[in-house]
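To start, the structure under review is shown below, and the notes come after it.
Take a look at the structure:
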């Protein structure tokens, strides 16, 4: 009898495996004809990843075969995702958080690193309580208070670059590379110094340290320089790089990584001990009335204390919750912003006419900007439409955050197709910024009549090119609704740090444009096809070379005044 029971169980298990291994398509949603038994569509994307170390270009390649880039993809036969490229549907899904919640795959990726941070939490009572404290701190008044710190740190970056220019001089091994140096590490120093300073009030000061190193040691080799890093800065970077975003089993992957990496465990202890100490000290100062609200942590702790005094009980915010939210801010505020800045340098270097027009506008509107420290009002001046257009185009074309995942909580209808409860949606946020009338879903035109133009570019527009003019009206004014772009998401789970990220980017581009012209790079350092980037949590340039020249050095004085 035992053998019969085992035999029946074995047969049942085999039948279950066969049942699960057969691809199950969602009716009405286009799919690939090559979908395999058990493996689904996995093998082609793995081959592409082995060859290119990238995933998203494969999704884009497949999207071109389906109207509007709307199709289903099987990571395995039983693991299906509906790929959405149309910005109108993406925005609709993002705004309906109760129907399309943040995917468990995303939550599990961030959970091992910051389990109490917003990126690891579903939209539950804990997340809403966190947003009550952390969301309001990004308001305009607080950002105005933080702007001087951001501007000063940005100036430190350009002081570092000036030190490097002087150190390079004329004596380089290959004359075509004279004055060139690589800057992605510098950009990480910039965003790391900014976010650590305004978040906790104890900046990493990596830029200042590297200025001293360059002035003391000079260059190393042809165009390289020694690097000085801060222990907390290194720990923060290790935290970010340890996010198991590409793992099928993120908790297991992180456990094994942590087990074999003594350096990561040391970085983890340093981060936790430093932040815990800062939070405890901040709470003490708040209760004694000794804070000046000069950093984001103090603003959060002041709000916590106000609520406790008002209600006469704890604000229900534990130290590990504050620590993980602030760690999330450190991680997101460093990598995403520095990556976007890296793309901006590439776009500007390849478009000298954009640089000249931008420089002329800033100089005309803010003629004495070199004589005083930039203010929040300068950076957000309404008299700089081309500057606004350049910023918007940088965010659109850089595609720093390319995708996000949502899961349906109920059976629902998307693009006329019934989606079962639990369906995963892969929202191609990066591709959404390139949507044209002919590349989007024709069904929406038929159902809704005229689709608002902010969801569609005209077909004649070359959406792959960096062209800030697309964001300007005929009269030269800036038009935020000229076409689609979703760099920070939208809806309840949109990036609450988007205002801060844009403030940093605007400060960087404005200061850069006033000080330097980015000269064309030699072929040995250029990346004409934009292939030198890596994909993980963000789409990040792996290296970025520049040749900055003060405007006064331009050979042809008719191109631009100094």
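Numbering (our numbering), first residue to last: 7 to 568. Each residue gets a CB set at the ideal place from its N, CA and C atoms; glycine is no exception. Quick caveat, the model's predicted, so the values are computed rather than measured.
When burial is assigned at 16 or more other CB atoms within 10 Å of the CB, is residue i buried or exposed?
{"i": "residue 559", "result": "exposed"}
{"i": "residue 425", "result": "buried"}
{"i": "residue 2", "result": "Outside the shown range of the chain (7 to 568) lies residue 2, about which nothing can therefore be said."}
{"i": "residue 90", "result": "buried"}
{"i": "residue 370", "result": "exposed"}
{"i": "residue 523", "result": "buried"}
{"i": "residue 197", "result": "buried"}
{"i": "residue 146", "result": "exposed"}
{"i": "residue 444", "result": "exposed"}
{"i": "residue 378", "result": "exposed"}
{"i": "residue 83", "result": "buried"}
{"i": "residue 323", "result": "buried"}
{"i": "residue 567", "result": "Note that residue 567 scores 44 on pLDDT, short of 50, meaning its location in the model is unreliable and no value can be drawn from it."}
{"i": "residue 140", "result": "buried"}
{"i": "residue 179", "result": "In this prediction, residue 179 scores a pLDDT of 48, lower than 50, which makes its location untrustworthy; the coordinate-derived value is nonetheless stated afterwards. By the neighbour-count rule (16 or more Cβ atoms within 10 Å), residue 179 is not buried but exposed."}
{"i": "residue 122", "result": "buried"}
{"i": "residue 486", "result": "exposed"}
{"i": "residue 120", "result": "buried"}
{"i": "residue 580", "result": "Past the boundaries of the shown model lies residue 580; the chain is included only from 7 to 568, so the question cannot be answered."}
{"i": "residue 563", "result": "Confidence is the limiting factor: at residue 563 the pLDDT is only 42, short of 50, which leaves the residue's position unreliable, though a coordinate-based value still follows. Residue 563 comes out exposed."}
{"i": "residue 177", "result": "Any reading at residue 177 must be qualified, since the residue scores a pLDDT of 42, below 50, and its modelled position is unreliable; the value itself is stated next. Exposed, by the Cβ-count rule."}
{"i": "residue 317", "result": "exposed"}
{"i": "residue 389", "result": "exposed"}
{"i": "residue 67", "result": "exposed"}
{"i": "residue 479", "result": "exposed"}
{"i": "residue 507", "result": "buried"}
{"i": "residue 100", "result": "buried"}
{"i": "residue 549", "result": "exposed"}
{"i": "residue 238", "result": "buried"}
{"i": "residue 117", "result": "buried"}
Which partner residues of residue i appear in the DSSP bridge assignment?
{"i": "residue 37", "result": "78"}
{"i": "residue 216", "result": "DSSP lists no partner for residue 216."}
{"i": "residue 85", "result": "82"}
{"i": "residue 540", "result": "546"}
{"i": "residue 202", "result": "None; residue 202 has no bridge partner."}
{"i": "residue 524", "result": "554"}
{"i": "residue 46", "result": "42"}
{"i": "residue 230", "result": "226"}
{"i": "residue 463", "result": "442"}
{"i": "residue 569", "result": "Residue 569 lies beyond the residue range present for the chain, which begins at 7 and ends at 568; the question has no answer from this structure."}
{"i": "residue 195", "result": "Partner(s): none; residue 195 has no beta bridge."}
{"i": "residue 594", "result": "No answer is possible for residue 594: it lies beyond the span of the chain, which begins at 7 and ends at 568."}
Among the options, whose alpha-carbon lies nearest the alpha-carbon of residue i?
{"i": "residue 32", "options": "419, 516 and 159", "result": "419"}
{"i": "residue 557", "options": "80, 342, 517 and 226", "result": "517"}
{"i": "residue 344", "options": "93, 190 and 286", "result": "190"}
{"i": "residue 42", "options": "70, 79 and 525", "result": "79"}
{"i": "residue 460", "options": "492, 433 and 431", "result": "492"}
{"i": "residue 186", "options": "248, 490 and 229", "result": "229"}
{"i": "residue 94", "options": "353, 111 and 76", "result": "76"}
{"i": "residue 163", "options": "326, 521 and 30", "result": "521"}
{"i": "residue 48", "options": "475, 319, 87 and 304", "result": "87"}
{"i": "residue 545", "options": "138, 551 and 536", "result": "536"}
{"i": "residue 38", "options": "383, 63, 81 and 463", "result": "81"}
{"i": "residue 2", "options": "105, 59 and 550", "result": "The structure shown has nothing for residue 2, since the chain only spans 7 to 568."}
{"i": "residue 127", "options": "320, 107 and 144", "result": "107"}
{"i": "residue 208", "options": "284, 278 and 173", "result": "284"}
{"i": "residue 168", "options": "132, 136, 137 and 225", "result": "225"}
{"i": "residue 174", "options": "282, 231, 160 and 132", "result": "231"}
{"i": "residue 215", "options": "165, 261 and 264", "result": "165"}
{"i": "residue 396", "options": "74, 475 and 346", "result": "475"}
{"i": "residue 159", "options": "183, 217 and 134", "result": "217"}
{"i": "residue 144", "options": "538, 409, 306 and 467", "result": "306"}
Taking residue i and residue j to be in contact with their CB atoms under 8 Å, please state how far apart those CB atoms are, rounded to whole angstroms.
{"i": "residue 129", "j": "residue 499", "result": "7 Å"}
{"i": "residue 554", "j": "residue 171", "result": "7 Å"}
{"i": "residue 571", "j": "residue 149", "result": "Within the shown structure, residues of the chain are numbered from 7 to 568, placing residue 571 beyond reach of any answer."}
{"i": "residue 249", "j": "residue 543", "result": "6 Å"}
{"i": "residue 372", "j": "residue 361", "result": "Not confirmed; about 16 Å, so no contact."}
{"i": "residue 115", "j": "residue 251", "result": "5 Å"}
{"i": "residue 301", "j": "residue 204", "result": "6 Å"}
{"i": "residue 434", "j": "residue 407", "result": "At roughly 11 Å, the Cβ-Cβ gap does not stay under 8 Å, so residue 434 and residue 407 are not in contact."}
{"i": "residue 341", "j": "residue 246", "result": "5 Å"}
{"i": "residue 404", "j": "residue 349", "result": "4 Å"}
{"i": "residue 2", "j": "residue 541", "result": "Because the chain in this structure spans residues 7 to 568, residue 2 falls outside the shown range and cannot be described."}
Can you find a C-beta in chain D that's less than 7 Å from the C-beta of residue i?
{"i": "residue 447", "result": "In the structure shown, chain D cannot be found, because there is only a single protein chain."}
| said: So within the stretch 419-444, which uninterrupted beta strand (DSSP E) runs reach at least 3 residues, ignoring any that extend past its ends? | reply: List check, beta strand (DSSP E) in window: 423-425 and 430-434.
*May I have a chain-ordered list of the alpha helix (DSSP H) segments no shorter than 4 residues that lie completely inside the stretch 88-166?*
Runs of the alpha helix (DSSP H) inside the stretch 88-166: 93-101, 110-116 and 131-140.
key: Contiguous alpha helix (DSSP H) assignments of at least 4 residues, all confined to the stretch 476-509   = Fully contained in the stretch 476-509 is no alpha helix (DSSP H) run of length 4 or more.
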